[in-house]
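Here's the structure, in C-alpha cells; my notes come after.
2 protein chains.
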Amino acid sequence: MIDNCLGAQRSRKIRRALRHCKVTIFCLVLTVVVLRGTIGAGKFGTPGQDFAEIRDHLYHRKRAEPHRVLEEVQTTTATSSNENAGADTNAGTNNYNEFDIHKILLDEESDDSKRDPNAPYSLGPKISDWDEQRSRWLKENPNYPNFIGPNKPRVLLVTGSSPKPCENPVGDHYLLKSIKNKIDYCRLHGIEIFYNMALLDAEMAGFWAKLPLIRKLLLSHPEVEFLWWMDSDAMFTDMAFEVPWERYKDSNFVMHGWNEMVYDQKNWIGLNTGSFLLRNGQWALDILDAWAPMGPKGKIREEAGKVLTRELKGRPVFEADDQSAMVYLLATQREMWGDKVYLENAYYLHGYWGILVDRYEEMIENYHPGLGDHRWPLVTHFVGCKPCGKFGDYSVERCLKQMDRAFNFGDNQILQMYGFTHKSLGSRRVKRVRNETGNPLEVKDELGLLHPAFKAVKIPMKEK
Amino acid sequence: MIDNCLGAQRSRKIRRALRHCKVTIFCLVLTVVVLRGTIGAGKFGTPGQDFAEIRDHLYHRKRAEPHRVLEEVQTTTATSSNENAGADTNAGTNNYNEFDIHKILLDEESDDSKRDPNAPYSLGPKISDWDEQRSRWLKENPNYPNFIGPNKPRVLLVTGSSPKPCENPVGDHYLLKSIKNKIDYCRLHGIEIFYNMALLDAEMAGFWAKLPLIRKLLLSHPEVEFLWWMDSDAMFTDMAFEVPWERYKDSNFVMHGWNEMVYDQKNWIGLNTGSFLLRNGQWALDILDAWAPMGPKGKIREEAGKVLTRELKGRPVFEADDQSAMVYLLATQREMWGDKVYLENAYYLHGYWGILVDRYEEMIENYHPGLGDHRWPLVTHFVGCKPCGKFGDYSVERCLKQMDRAFNFGDNQILQMYGFTHKSLGSRRVKRVRNETGNPLEVKDELGLLHPAFKAVKIPMKEK
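Chains A and B supply the protein sequences, listed in that same order. For what it's worth, my numbering labels the leading residue of the first sequence as 3, then goes sequentially. For what it's worth, my numbering labels the leading residue of the second sequence as 3, then goes sequentially.
Right under this line is the structure:
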C-alpha cells in the first residue's frame, strides 16, 4: 500500500512537473513573442538599403515563428465549438498580409498527420492546353471579352483577409479602410475586385495560400486577362495613375523589382510579391506549378527555407516564403521564365512605406497625382506592420499613424472630385474646398477623375 | 481671516457639490444607456406585425438619445489632438447605420451656435434644369452611357460607415464582412460601389446625412442612372437575383413598403429607407429638397419629430428620422410624388432580419437563389443591431450570430462558383464540394453565376 502511495505520489509529481514545464515553455514563448514584437521592423524598397532592410526584414519574418507556436498553444485550449464571433476570445493569430487556402483545399485533412509529406504537392490536375481552352471560350463568349478597350485588358484585383476578427481590434478597421481605398481606385480604373475571406491559417501556410486561389480564379474566369494580386496592407496612393498595360504586351508577370538584384545578386528582396500582375494563360499555370513546391507546410517548407537562405543573398533563416522562392526560381531558371517576367521599377507597383510616408507633404507641395513613382507613389505598402495582430509598441503606433496618413493621402484625391479634402493628412475630418454650384457639370475636378479617359467605354452603346 | 477661511471652505464645498452632481448625472446617464441597451429590439417587415415592430422599434430608435449624451460627456474629456487611431480610446459612439455628411458641409461651423436655426436649410443651390443639363452631358459623352445594356441601367451602390474605429471592436469586422458581401453581389451584377467614410457625427445628424451625399453623387455622376442607397447593416443574401429594372421604367424612387401602410395608415414603418433605388434626374433633386427640411439637428429636428409622432401611426416620440419623414411626405403630398414612387413588396429589396434568419436552412432545403423574396431574400437587413456600438447583451449576441449566418448564406453562393461551401451556416470554415478538373470551362457552376447573362456586355468589342 505504501508502495502504491509512493507510486501515485511520484506519478502526481511527474504530472505536475510536466505541467510546470508546459507553463514554463508557454511563458518563455510569450516572452519571446513580446520581445520580437517590440523590435522595430521595416522593409526598404531601394537597392542601396539592402543591409538595413535585411536586418529589419529578419525580425519581421522571424516574428512568424513564435506566433505560430503560441497559436498552437491557444487552439488546444479553445473549444472547437467556440465559433460564435461574439464569444470568440481566442481568435488566434491573424496574418494581416495573407490568407490560407490550404485550409480550403485540405480542410478534410485538418490533421497534419493525414498529409503525406512524401507525396508531391500539386495545385491541381495538370493542364497543358489552357491557352487553347481559353481561346475557344473567348470566341464563344464575345460578351465576356478579355479586353474592355484598346490597350485596356480586363483586370481582376485579388486581395483578402482572415474570416476571423483581428486579434488587435483596430486591425479590422484598417482592413476596412484598406478595402475602401482599393474600391475607390478600382472604380476609377474599371477594375473588378475579389476579396477572399476563406478561413485563414495565418502562420501555418501564410504567404503561400495565394497560389491556389490565383490558379482557381484564372481557371474560373477566362475573361480575366490580368490578375492583380495585392496584399491587404498595401494601399493606393495615386488614384490617377493608370498601369501602362501596353508596356507589358509581351510580358506575363509583372512585379516591382530590379533585374540585377534578382538575377545577378540573387538578393531575397530583389522583387516583391505583395503587388503583382499575372497574365491569364498557360504560362501562368506553369509558373504557379513551378512556384508551389516550396510551399507545403512542415518539413518541405522548412527544408526549402534552408535552401533559400543558403542560396539567396542576405536571407535570414526561416521557412520558405513565396517571395524568396520566386527570386530563387527566376534566378535559377532565367532561361525558362525570364523573357516573360517584367521587373518594374519605373513606378511603385509596390512602394515600401518606410521611405514614402514622411514625404507626403513634400509630394503635395511639389508634385501631383498621375506619376506613380517616388514623386507620387502608386502603392504604399505597409510591410512589417501587422495591425491585425497583437498590439504593443511604438513602431506599431507609427504604422497605424502612417497608415492613416497614407489613406488620407489617397482619399484626398477622391474627395477633391467632390470638392472636399481632409483637414490634414492626420485628420479624419474633411473640409470643403469647392462651393456647390447650380451648374455642376461645368466644373471639372482638378485631376479629371470624375470621368477619366481610362474608364470610358470605347464603343458607345448603339441602343438603350 | 476666519471669514475668508469659511468663504474658501464654502467655495470648495460648492465646487465639490457641483462635481458630485456632474458625476451623479454621468452615472445616471450611464445607467439609462445600459438599461436601454439590455432591452431587446427588432423590426418586423410584414404589415401584420405592426405592434411588435413598433414596440421594438421604439427601443431601437430611443437608444440613440442616451448615447448622444454620453458621447458629449466623453468628448469633453477626450483631447482633440487624440486622433491617432492607436491611442484613440474615446472613439465615441458610432452609428453603424449612418454617417454624417453634415460634418462635411458644416465642418467650419463645428460650433452649434454658428448655425442659425432660423435660416432655412438647403442641400445646395436650387437647380431646375438638371434633366436638360444631364441630357446634354450624356449626348456629349457617349463613352459614359447611362445604360450599359438593354434594360440595364448604370447603377451606383452607395453605402458607408464612420471613419473612426467602432466602439465595439468586432463592429469593424462586421463592416468588413458586409462590404465584402456587397463587393461580391455588385461584381456579379455589374454595379459600382461608392463607400463613404467621411467623418461621422453619429447621433447628431445620423440618418439624415445620406441626403447631401446622394445629391452630391447624382450631380457629379450624370452617367449614373440609378443610385442604390444601402445601409451598412444590410447584406445581400440572394446573389443570383437581378433587380427587375424594367418594372421601374416609369418610376423614379423604389423602396420596400406597402401602399396601404403609407398612404392609408400613414404607418411610420410603411416603407424602409435602408435600401432604395433613386433615379438620377430633376425629380430626385426635388424630392431630396422636399425631404430635407425635417433633418437639421436641434430644434428643427426635435419639433419635426413631434409632428411625425402626432401624424404617423404608431410612431414613438423621438426626433425626426428620414424614414418617418418620407412616409409623411408621401402620405401628405401623394399627388406630387406618388406617381413616380414604387413601393415594392414582391421581393425583399429590404428584408427584416428577424423573420428571415432562422429560416435559412429551410430555404436551402426547399428553394434556390434567384427568387429574391421570402423564399430566398435578396437583402437581409439587420435593423436594430448595432455591432459598431457598445456590446453587451443576449440580443447583440443574437445579432452577431445571425449576421455570421446571413453572411455565410450569401457567401455560399459565391463559394459554390469555385467548388466550395461553408461547413455550416455558423462556421467560417469551408469545405470542397466539387473536385478540381483539367477542363474547368466545361464545368458549369450550379447557379450560373460565373458568367451570368445580366453581366455580359451586350455589344461585343469590335477590336482588341
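Glycine residues also receive a C-beta, built at the ideal position from the N, C-alpha and C atoms. Nothing here was measured: the structure is a model prediction, and the numbers come from that model.
Handout entry: Where A:Trp260 sits in the DSSP three-state scheme
Key = coil
Handout entry: Boundaries (first-last residue) of the alpha helix (DSSP H) holding B:Met232
Key = Looking at the DSSP string, B:Met232 is not in any alpha helix (DSSP H); the run it does join, the beta strand (DSSP E), is 228-232.
Problem - Chain-ordered neighbours of A:Ile129 on chain B, where CB pairs are closer than 7 Å - result: Gly440
Exercise for the section: Determine the direct distance from the alpha carbon of B:Ala322 to that of B:Asp174, and round the result to whole angstroms. Expected result: 27 Å
Problem - Cα-Cα separation between B:Gln284 and B:Pro224, rounded to whole angstroms - result: 11 Å
Handout entry: Own chain, CB closer than 8 Å to A:His453, minus 5 neighbours either side, in chain order
Key = none
Practice task
Specify the secondary structure class of A:His175 as computed by DSSP and reduced to three states.
Solution key: helix
Handout entry: Beta-carbon separation (whole angstroms), B:Ser234 vs B:Leu177, contact threshold 8 Å
Key = 6 Å
Exercise for the section: Could you give the DSSP three-state label for A:Leu452: helix, strand or coil? Expected result: coil
Problem - In DSSP terms, what B:Leu345 is bridged to - result: B:Met257
Practice task
Pick out whichever of A:Ala327, A:Phe384, A:Tyr187, A:Val160 has its Cα sitting closest to the Cα of A:Trp210.
Solution key: A:Ala327
Practice task
Can you give me the start and stop residues for the beta strand (DSSP E) that A:Val398 sits inside?
Solution key: First-last for A:Val398: 396-417, but that is the alpha helix (DSSP H), not the beta strand (DSSP E).
Practice task
Determine, using beta carbons only, whether B:Leu159 and B:Ile195 come nearer to each other than 8 Å.
Solution key: yes
Problem - DSSP state of B:His223 mapped onto helix, strand, coil - result: coil
Problem - For A:Gly307, the nearest candidate out of A:Tyr330, A:Val385, A:Gly356, A:Ala408 (CA to CA) - result: A:Tyr330
Handout entry: Cβ neighbour criterion (16 or more within 10 Å) applied to A:Ala1
Key = Shown here, chain A extends from 3 to 466; a query on residue 1 of chain A therefore has no answer.
Exercise for the section: Can you give me the Cβ contacts of B:Leu380 inside the same chain, cut-off strictly under 6 Å, excluding the 5 residues immediately before and after it? Expected result: Asp240, Phe243, Tyr349, Tyr350, Gly374
Problem - With 16 other Cβ atoms within 10 Å as the buried cut-off, status of B:Pro122 - result: exposed
Problem - Exposure label - A:Gly300; buried when at least 16 CB within 10 Å - result: exposed
Exercise for the section: Determine the DSSP secondary structure at B:Tyr369, reduced to helix, strand or coil. Expected result: coil
Exercise for the section: Put A:Tyr123 into one of helix, strand or coil per three-state DSSP. Expected result: coil
Problem - chain B contacts made by the segment 334-349 of chain A, where a contact means CB separation under 7 Å - result: none
Practice task
Could you tell me the distance, in whole angstroms, from the CA atom of A:Ala458 to the CA atom of B:Asp252?
Solution key: 28 Å
Exercise for the section: With a threshold of 16 other CB atoms inside 10 Å of the CB of A:Ala455, please say whether the residue is buried or exposed. Expected result: exposed
Exercise for the section: Under 8 Å by Cβ, that's how I've got B:Trp355 and B:Met365 pegged, so tell me the actual separation to the nearest angstrom. Expected result: B:Trp355 to B:Met365, Cβ: 14 Å. No contact.
Problem - Complete alpha helix (DSSP H) runs within the segment 264-309 of chain A (minimum length 4 residues, chain order) - result: 284-293
Practice task
Just the C-alpha distance for A:Glu169 and B:Val172, rounded to the nearest angstrom, thanks.
Solution key: 10 Å
Exercise for the section: May I ask you to list, following chain order, the residues of the segment 155-168 of chain A that have a beta carbon less than 8 Å from some beta carbon of chain B? Expected result: Ser163, Pro165, Lys166, Pro167, Cys168
Problem - Close-in-space but distant-in-sequence residues of the same chain around A:Lys433 (CB under 6 Å, 5 per side omitted) - result: Lys425
Practice task
Quick one: grab the DSSP three-state call for B:Val329.
Solution key: helix
Practice task
Name the two residues that bound the continuous beta strand (DSSP E) containing B:Leu427.
Solution key: Run containing B:Leu427: none; DSSP gives neither H nor E here.
Practice task
Count the other CB atoms, across all protein chains shown, that sit within 10 Å of the CB of A:Thr334; report buried if there are 16 or more and exposed otherwise.
Solution key: exposed
Handout entry: Inter-residue Cα distance where the pair is B:Thr139 and A:Pro144
Key = The amino acid occupying residue 139 of chain B in the given sequence is Trp; Thr does not appear at that position. Distance between the alpha carbons of B:Trp139 and A:Pro144: 30 Å.
Handout entry: CB contact below 8 Å: B:Arg189 versus chain A
Key = yes
Problem - Residue burial classification, B:Asp266 (beta-carbon count within 10 angstroms, cutoff 16) - result: exposed
Exercise for the section: Starting from A:Lys315, find everything on chain B with Cβ-Cβ shorter than 9 Å and list it in chain order. Expected result: Ordered by position in chain B, no residue passes the 9 Å Cβ test against A:Lys315, which lies about 35 Å from the chain.
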